[in-house]
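Below is one structure; the comments refer to it alone.
Number of protein chains: 2
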Amino acid sequence: MGKHMTTAEAEALLAGLSKHIERYAELAIRRGINVQPGQEVVISAPIERADFVRLLVAKAYEAGAVHVTTLWTDDELSRLEYQNVSLSYFEQTPSWKREQLNSLAKAGAAFLFVTGSNPRALDGIDPAKPAMAMRARNEQCRDYRSGLDFGRNAWSIVGAPVEAWATTVFPECPSREALYRLWRAILLVARADGTDPQVEWERHDATFQKNKRILNGYAFDALRYRSSNGTDLKVGLCEGHIWEGGGARTVDGTAFFPNMPTEEVFTSPNRLRTSGVVHAVMPLVHAGRIVRDFWLRFDHGRVVDYGAKEGYDVLKSIVETDERSCFLGECALISKETPIRQTGLLFYNTLYDENASCHLALGTGFPECLEGGVTMSEEELLTHGVNQSHTHVDFMIGSDDLEITGITQSGEEVPVFVDGRWAWHVS
Amino acid sequence: MGKHMTTAEAEALLAGLSKHIERYAELAIRRGINVQPGQEVVISAPIERADFVRLLVAKAYEAGAVHVTTLWTDDELSRLEYQNVSLSYFEQTPSWKREQLNSLAKAGAAFLFVTGSNPRALDGIDPAKPAMAMRARNEQCRDYRSGLDFGRNAWSIVGAPVEAWATTVFPECPSREALYRLWRAILLVARADGTDPQVEWERHDATFQKNKRILNGYAFDALRYRSSNGTDLKVGLCEGHIWEGGGARTVDGTAFFPNMPTEEVFTSPNRLRTSGVVHAVMPLVHAGRIVRDFWLRFDHGRVVDYGAKEGYDVLKSIVETDERSCFLGECALISKETPIRQTGLLFYNTLYDENASCHLALGTGFPECLEGGVTMSEEELLTHGVNQSHTHVDFMIGSDDLEITGITQSGEEVPVFVDGRWAWHVS
């Protein structure tokens with residue numbers, strides 16, 4: 000890379016992105032959470048990106064929102080909180096926070112999560128604290144959690160840069176240039192760099208529909224993953240599993256995109272039928288800390304061994320979050336030919352990095368990935384093989400030479416991925 | 000004023016204030032709300048001043064706070080909310096907001112309010128909406144409201160600049176220079192520009208004690224205000240009234256300063272014994288709008304007529320907020336020789352401007368300004384003459400030639416203010 004921009008040059012380029020950023024805000028409101036007239040809207044976002052949040056809020060009101068509630072986050076305050084507050088405090092989600100999330104969920108709110116934070120914000124913090132806080136929230140904010148999980152509330156995660164994140168992705172750049180570069184990358188991979196992102200997303204969704212039709216047609220019994228990096232894993236699927244991806248719908252039929260960007264076609268595997276070894280191909284950023292060069296060994300679905308060159312304790316806290324966080328809840332298929340992968344960037348943010356590569360997730364599975372699953376109780380889901388946990392953590396396994404073979408009910412083998420891309424070349 | 004600073008010069012000067020700003024944060028935490036070990040702390044502040052908030056939060060934890068909750072405000076989002084949300088929505092404070100404020104108050108939290116906003120943030124907004132929202136909050140968040148009003152929770156209001164405010168105070172300056180100048184003014188008038196602001200505040204409080212001792216010793220029946228601007232007003236005081244000012248104490252004895260800066264010695268007058276005319280000497284900034292050149296006429300305590308050259312509808316909404324917002328709840332005495340007055344600045348913010356000048360307030364009075372008042376019910380307070388309302392709005396009447404005469408129970412006349420300053424020259 001050549002000589003760097005001056006701050007003034009970076010500011011001018013940032014200003015030049017304003018139309019694209021405005022269209023991106025509109026995309027998030029209209030397609031991401033698809034705000035309906037009279038609806039409550041909740042936007043969670045970093046205070047550093049208030050400029051973008053104000054756009055989102057204005058667009059939400061234009062779309063007919065009855066009221067918008069903004070939940071602000073700040074890396075530095077999170078760090079101060081985890082540094083100074085005792086672990087036991089995090090066992091309880093404050094009553095007002097429970098009431099906030101539950102009452103808004105019950106009122107039918109759409110939830111937009113703007114992700115943007117310093118990947119190293121919680122370096123050196125005891126990972127048990129954020130894990131406890133997340134677990135408490137998921138356990139104690141039942142109406143909220145089930146509203147999102149069972150399709151009663153539309154929701155979407157979109158990205159927006161903050162400087163500490165941008166300089167992590169572009170460590171060689173001054174902060175304003177890094178911010179500009181990260182904004183540009185975010186717009187590009189969200190297919191929001193053109194003149195009509197909403198039309199782009201219609202096209203994009205059509206590709207998802209085709210991949211899902213093919214996979215659901217095969218109704219595989221299992222997938223076998225093999226790679227030269229040592230991965231040799233068999234993932235058993237549930238009877239009646241459904242491949243999902245792209246757009247989703249609430250139970251009352253409102254279309255929304257849970258992730259923007261999204262490139263993954265995914266299902267929930269049978270929690271008890273995975274065995275073998277899998278090697279991660281990218282670092283895992285979790286709760287402000289990083290796990291690098293790690294692997295997991297499964298037997299009858301359970302993680303029985305694991306290792307990491309860096310962040311072993313973080314990986315341990317993930318695996319041990321609760322009694323079922325050691326089982327898989329998701330397997331997701333993503334071609335290596337996506338805009339995210341093609342940027343060549345490591346985003347240090349799951350929304351992006353999980354969409355760069357085939358991945359698996361430890362923790363809770365998706366009711367919508369099982370026939371009849373959305374009306375099942377947790378116990379019924381478990382009986383059918385869909386894992387239930389208070390956590391869900393993705394990790395990337397899509398090496399460039401990854402081969403995935405589908406094994407049909409009758410034992411026939413069907414190539415699904417060859418050399419890291421769809422065997423039937425639809426995307 | 001000469002030529003203006005470059006942005007770089009302004010940034011360098013701002014950086015040069017950092018030690019003072021840190022001491023100011025410590026002053027707010029240690030003297031303002033006087034955080035106790037194990038206490039919950041709540042900080043309300045504009046997102047634009049996150050840098051200052053992070054200092055406050057760190058200082059609160061250093062002082063032993065068990066947990067700090069930050070409530071963020073943003074002028075632009077407030078404006079979008081009032082523009083787009085219907086009036087009836089504001090009749091109810093959301094259940095979670097009630098739970099938030101009430102549960103934290105019941106847990107004994109100290110509340111620090113960082114005031115800093117664009118004085119014109121709500122220009123053109125129907126003032127009934129913010130008035131409704133404020134009334135709903137005060138009515139529906141009882142534990143919170145009474146915790147602050149009856150001395151169960153320590154609280155303090157301190158200022159911190161945002162750019163739109165700074166450029167209103169310094170309209171001739173570029174925004175970063177204006178921000179620097181407003182920070183410097185805020186530090187100066189908060190007596191936080193020296194090396195030991197906490198010692199400065201001990202001295203300052205000693206002056207308050209002396210003024211209060213003299214006033215409480217006289218136990219006046221009434222005060223008469225006269226000025227060449229047309230003011231001719233008699234304010235009847237309550238039997239058993241108490242002059243307060245400077246530091247306060249919670250019911251369990253924790254010292255705190257409700258306002259930083261503060262220059263006022265104040266009491267609650269008898270709500271039914273004010274008559275005559277009073278002219279404001281400074282604009283009134285209320286709910287993001289401005290009232291200029293206004294006057295009020297009282298009879299038997301009630302506002303019976305009023306006029307304003309600008310913002311009449313805002314004044315009307317204040318007077319008509321509820322059935323008792325047309326009575327006085329406060330009269331406050333402030334010498335014209337204070338740092339605030341001497342800056343010569345109009346701050347467009349009540350915390351500062353009310354401390355530049357003798358003032359009165361429409362709306363609720365103070366239980367602590369009546370003997371035995373803090374344990375009285377609302378009805379008892381009303382019976383003793385202390386007004387009770389859902390609002391409290393100060394307006395400035397301290398002209399340079401203001402004369403205030405105290406009338407004793409036996410009819411004797413005692414000079415209290417001569418030419419806008421204390422007749423006994425203690426400050």
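Residue numbers (numbering that gives the first Met the number 0), protein chains in the order written: chain A, 0 to 426; chain B, 0 to 426.
Beta carbons are placed, not taken as given, at the ideal position from N, Cα and C, and that holds for glycine.
Taking all protein chains shown into account, valine 56 of chain B has 16 or more neighbouring C-beta atoms within 10 Å of its C-beta and is therefore buried.
Among the residues facing chain A, tyrosine 81 of chain B is not included, as its CB has no counterpart in that chain under 7 Å away. Going by C-alpha positions, alanine 9 of chain B is about 5 Å away from glutamate 176 of chain B. The three-state reading of DSSP puts lysine 308 of chain A in strand, counting E and B together. Residue environment: glutamine 91 of chain A is assigned as exposed (fewer than 16 neighbouring CB atoms within 10 Å of its CB, all protein chains considered). Annotation for serine 174 of chain A: the continuous alpha helix (DSSP H) segment containing it runs 174-188. Residues of chain A with a Cβ closer than 8 Å to the Cβ of arginine 53 of chain B are, in chain order, Asp73, Glu75, Leu76 and Leu79.
Identification of residues in the segment 117-139 of chain A having a C-beta nearer than 7 Å to some C-beta of chain B yields an empty set. With respect to chain A, the C-beta atom of tryptophan 421 of chain B has no partner C-beta closer than 7 Å. Across the structure, phenylalanine 365 of chain A and phenylalanine 255 of chain A are spaced so that their CA atoms are roughly 16 Å apart. Along the segment 90-111 of chain B, going in chain order, the ones with a CB nearer than 9 Å to a CB of chain A are Pro93, Ser94, Trp95, Lys96, Arg97, Glu98, Gln99, Leu100, Asn101, Ser102 and Leu103. If you draw a straight line from the Cα of glycine 343 of chain B to the Cα of asparagine 137 of chain A, it comes to about 54 Å. For tyrosine 143 of chain B, there are no neighbours in chain A by C-beta distance under 9 Å, as the nearest C-beta there is about 11 Å away.
Judged by DSSP in its simplified three-state form, cysteine 330 of chain B adopts strand. The beta carbon of arginine 30 of chain B sits closer than 7 Å to those of Gln197, Trp200 and Phe256, all from its chain and outside the five residues before and after it, given in chain order. Annotation: glutamine 387 of chain B to cysteine 368 of chain B spans about 13 Å, alpha carbon to alpha carbon. Taking one beta carbon from each stretch, the segment 62-71 of chain A and the segment 37-46 of chain A have 3 or more pairs nearer than 8 Å; the two touch. Counting C-beta pairs with one atom in each stretch, the segment 262-272 of chain B and the segment 284-291 of chain B have fewer than three that are closer than 8 Å, which means they do not touch. Interface residue (Cβ-Cβ distance to chain A less than 7 Å): alanine 163 of chain B is not classified as such. Partner residues in the beta bridge of proline 414 of chain B, as assigned by DSSP, are B:Thr404.
For the segment 189-225 of chain B, the continuous alpha helix (DSSP H) assignments of 4+ residues that do not extend past its boundaries occur at 196-217, in sequence order. DSSP places tryptophan 71 of chain A outside any alpha helix (DSSP H); the residue lies instead in the beta strand (DSSP E), whose first and last residues are 66-72.
In the assembly as shown, glycine 371 of chain B is an exposed residue. Its beta-carbon has fewer than 16 other beta-carbons within 10 Å.
Put simply, the backbone Cα of tyrosine 347 of chain A is about 8 Å away from that of proline 282 of chain A. The secondary-structure analysis by DSSP pairs tryptophan 294 of chain B across a beta bridge with B:His278 and B:Gly306.
DSSP, reduced to helix, strand and coil, places asparagine 354 of chain B within a helical segment of the structure shown. In the three-state scheme derived from DSSP, where H, G and I count as helix and E and B as strand, aspartate 50 of chain A is classed as helix. Boundaries of the beta strand (DSSP E) around aspartate 393 of chain A: 391-395. Assignment of beta-bridge partners to isoleucine 42 of chain B by DSSP yields B:Thr69 and B:Leu111. Judged by beta-carbon spacing, glycine 405 of chain A lies beyond the 7 Å limit of threonine 363 of chain A, meaning their Cβ atoms are not closer than that value. Taking CB atoms only, valine 41 of chain A has no neighbour in chain B less than 7 Å away. Closest in C-alpha terms to valine 161 of chain A, from the list A:His3, A:Thr337, A:Phe51 and A:Ile124, comes A:Phe51. Between aspartate 393 of chain A and glutamate 353 of chain A, the CB-CB gap stays under 7 Å.
Chain B places no beta carbon closer than 7 Å to that of valine 417 of chain A, leaving this residue out of the contacts.
Of the candidates A:Lys105, A:Pro36, A:Cys237 and A:Gly287, the residue whose Cα lies closest to the Cα of aspartate 142 of chain A is A:Lys105. In the three-state reduction of the DSSP assignment, leucine 16 of chain A falls in the coil class.
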